Structures are given as C-alpha cells and as structure tokens.
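Novice:
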Amino acid sequence: MPEDVVDYDQIGIEHNQGLEAIFDNLKAMKEKLGPLNYETFGNYLEEIEKGAIGLYAAKSL
Amino acid sequence: MAYTLQNHSEFSNDGVMQLKEGISDARKFLKPDVLNSGRLSYVGNINERLLAAAAPNLTQSQQNYARKIADVTTSRSNNLSSTLRDLVNLEAEIRLMMPKGEIPVLLAAISVAKHSRQYWNDNSQKWENEFGSPETGSIANSNITWGDVGWMDAGSALVYGGGTAWLGFIPVLGWATWGIYTVGVSAACSGALAIGKIISDQYVRPSSSEWDLGRYQ
C-alpha cells in the first residue's frame, strides 16, 4: 500500500535538496548568464529546468 | 521497510522523459503569469489556477484539502511555526479522514509545503543576496511572500503528482519515480517563481514587449 512504501518526509527533503542544487547551479552559471533581470530571465529559467532534470537524471544513472 | 527516494534505481530513462514532459507542462502553466505578463503580484490568480489545474485529477475531498493546504501555506497572518503546526495538524486530519488511496498526493504536497516553507525561511535572503541587484534595490515589491513560493511548490506537487497518480504512471514506473517526478517538477516551479519574485521585488515591470525570454519559449 502506498502509505507503507512511500516516505513522505523524504519527498520534502529531496525537494529542498533539489532547490539547493538549483541554487548552486545558478550561482555557478551567473557569470555566463549575466545579472538576473528581465532581459536574462528566460535564460535563468532554462537553466533551472536543465538543473532539475539533470539532478534526477544523474541520480538514476 | 519504507521506500525512500534516496534509492533511485527505479528512475529509468522513461522516468527522465516523464520528468521533462512534466517540467514542460509546468512551464506552459507558469507562462501566462510569470513569463508573458509578469503578473507576479497577482498571486491569488496563480493560486486559483493551480487549484483549478489540480481539480480534474482529484476527488472533491482531495480538492477541499488542497484548498486548505493553499490557505495555510499562503496565509499572511501565519509565521513559520504556525504554518508548520497547521500543516502537521492537516496531515493528521488527512490520515484520519481520507481513504488510503486518496492520501499519497496530499501528503506529498504537505511534505513539500512544510520543507519548502522552512527552506525559504532559512534561505530566501541567500537567494536575494546572490541574484538580487544592489544597484536598484526594492523599488517595485511584488507583494509575493516566500510562503506563496512555498505554495507554488506544494501546488505543483498536487497538479503534477495528482495527475500522474491517476494515469497509470505509478503502476508502470513505480512509487520512487512518482516521488522524484513530483519533486523535480515542484523544485523547477519553485526556482522559477523564486527568481521571478526576486526580479519583481527589485524592478518596475516593463511592458510585455520588453520581455526577452531568449530561447525560453
């Protein structure tokens, strides 16, 4: 049964780990992306998506 | 033994594809508010659209609890401790009152809401310091709280976790993949709204014609 096999607390913990990884990635990419503003917003969003996908894809390999 | 998300062996290439699709769907969802018009100050609109988007995949009882999660998470009168307390109480009520099959998506959303609320309480200043602009300062103020960002996290877990929970996703790919998928999409939404908030707090929003989304279309 779902309740017995899913550790719900871990979902939130991993969510926060994901946010922290996204932060670290954005920080590392900031020089390339430029200062965050309306002109660079799209590039930041793209980097967030790539980071979120990459984080979990990497863990699965 | 509880299956934790730390074991990612079930997260296959199919899972990665699902995650990409989920994030792509989330982008489409966010676009009208965050990208096209930048109406970040109208967070109530985002809340209602999140609840509406989640509704088709939730029972009426789940929808009622979804609204309660939204109300608790975005309440302007709640501080961190009262928010966490209310979410814990809500979690206990759900475990007591809801059929087992309807519980997972709600508890996943509450877990994301609790941890996200704590995360933004502890780290919002770090994000603002890193990505904010000291030259401009807070001249616009989006009227979005970090609690609202937390609701976006929990709400996206409801929308995308709820959708996949009822569409044969779990039987095919497993609970671990569902959890990672839910977390991945909610983290992406959270990061997007966070930087949107930082921008909106610091700049007067230009007209939509001045937006440059680059390759992010």
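First to last, the sequence lines map onto chains L and R.
Note that this note's numbering has the first sequence beginning at 2, numbered continuously upward.
Note that this note's numbering has the second sequence beginning at 18, numbered continuously upward.
For glycine and all other residues, C-beta sits at the position ideal for the given N, C-alpha and C.
What you are looking at is a predicted structure, and each value in this text was computed from that prediction instead of being measured.
DSSP three-state label for R/Ser94, please.
Specialist: DSSP places R/Ser94 in coil when its eight states are reduced to three.
Novice: With a cut-off of 8 Å, does the C-beta of L/Glu15 fall near any C-beta of chain R?
Specialist: Yes, contact with chain R.
Novice: With burial defined as no fewer than 16 other Cβ atoms inside 10 Å of the residue's Cβ, what is the status of L/Glu48: buried or exposed?
Specialist: It is buried - the Cβ of L/Glu48 has at least 16 other Cβ atoms within 10 Å.
Novice: With 8 Å as the threshold, decide whether the Cβ of L/Lys10 is near any Cβ in chain R.
Specialist: The residue you asked about is not Lys; residue 10 of chain L is Asp in the sequence shown. At least one chain R Cβ lies under 8 Å of L/Asp10.
Novice: Using a C-beta cutoff of 8 Å, does L/Gly35 count as contacting chain R?
Specialist: No, no contact with chain R.
Novice: Taking C-beta to C-beta, are R/Leu210 and R/Val176 nearer than 8 Å?
Specialist: No; because the gap between Cβ atoms is not below 8 Å, this pair is not in contact.
Novice: Compile a chain-ordered list of the residues in the segment 127 to 150 of chain R whose CB is closer than 7 Å to at least one CB of chain L.
Specialist: If the cut-off is 7 Å between Cβ atoms, the segment 127 to 150 of chain R has Ser128, Val129, Lys131, His132, Ser133, Tyr136, Trp144, Glu147, Phe148, Ser150 near chain L.
Novice: Does L/Glu40 come out as helix, strand or coil in the three-state DSSP assignment?
Specialist: Correct three-state label for L/Glu40: coil.
Novice: Decide if R/Lys131 is buried, meaning its Cβ has at least 16 other Cβ atoms within 10 Å, or exposed.
Specialist: Result: buried.
Novice: Using the three-state DSSP reduction, which class does R/Gly39 fall into: helix, strand or coil?
Specialist: DSSP places R/Gly39 in helix when its eight states are reduced to three.
Novice: So is R/Arg134 buried or exposed if we call it buried at 16+ other beta carbons inside 10 Å?
Specialist: When all chains shown are included, R/Arg134 counts as buried.
Novice: Does the CB of L/Glu32 have a neighbour CB from chain R at under 8 Å?
Specialist: No - not a single Cβ of chain R is within 8 Å of the one on L/Glu32.
Novice: Does the beta-carbon of R/Ala83, which I'm using as the reference point, lie nearer than 7 Å to any heavy atom of the ligand FAD?
Specialist: Among the components of this structure there are no ligands whatsoever, and the ligand FAD is therefore not found.
Novice: From what residue to what residue does the alpha helix (DSSP H) around R/Val122 run?
Specialist: First-last of the alpha helix (DSSP H) with R/Val122: 120 to 148.
Novice: On the DSSP letters alone, give me the boundaries of the alpha helix (DSSP H) that L/Lys28 sits inside.
Specialist: Segment 9 to 34, the alpha helix (DSSP H) holding L/Lys28.
Novice: Let me know if R/Gly149 comes out buried or exposed under the rule of 16 or more other beta-carbons within 10 Å of its beta-carbon.
Specialist: Per the 10 Å Cβ criterion, buried.
Novice: Examine chain R for any beta-carbon lying closer than 8 Å to the beta-carbon of L/Ala29, and answer yes or no.
Specialist: L/Ala29 does not count as touching chain R.
Novice: I'd like to know if R/Val200 contacts chain L, where contact means its C-beta is closer than 8 Å to some C-beta of that chain.
Specialist: It does: the Cβ of R/Val200 has a partner Cβ on chain L nearer than 8 Å.
Novice: Say whether chain L places a C-beta atom closer than 8 Å to the C-beta of R/Leu107.
Specialist: No - not a single Cβ of chain L is within 8 Å of the one on R/Leu107.
Novice: Within 10 angstroms of its Cβ, does R/Leu113 collect 16 or more other Cβ (buried), or is it exposed?
Specialist: R/Leu113 should be labelled exposed.
Novice: Are the beta-carbon atoms of L/Leu20 and R/Gly39 separated by less than 8 Å?
Specialist: In this structure, R/Gly39 does not lie closer than 8 Å to L/Leu20 by Cβ.
Novice: For R/Ser78 and L/Ile12, what's the separation of their Cα atoms in angstroms?
Specialist: Straight-line Cα distance between these residues: approximately 22 Å.
Novice: Between the C-alpha atoms of R/Ser58 and R/Ile111, what's the straight-line distance to the nearest angstrom?
Specialist: Bear in mind that the predicted position of R/Ser58 carries a pLDDT of just 45, short of 50, making it unreliable; the figure below should be weighed with that in mind. Rounded to whole angstroms, R/Ser58 to R/Ile111 spans 31 Å at the Cα level.
Novice: Exposed or buried, which one is R/Gln35 when buried takes at least 16 other CB atoms within 10 Å?
Specialist: By the 10 Å Cβ count, R/Gln35 comes out buried.
Novice: Using a C-beta cutoff of 8 Å, does R/Ile86 count as contacting chain L?
Specialist: So, not an interface residue.
Novice: If you compare alpha carbons, which of R/Asn140, R/Glu145, R/Leu67 is closest to R/Ala87?
Specialist: Among R/Asn140, R/Glu145, R/Leu67, the Cα nearest to that of R/Ala87 is on R/Leu67.
Novice: With a cut-off of 8 Å, does the C-beta of R/Gly208 fall near any C-beta of chain L?
Specialist: With 8 Å as the cut-off, R/Gly208 counts as an interface residue toward chain L.
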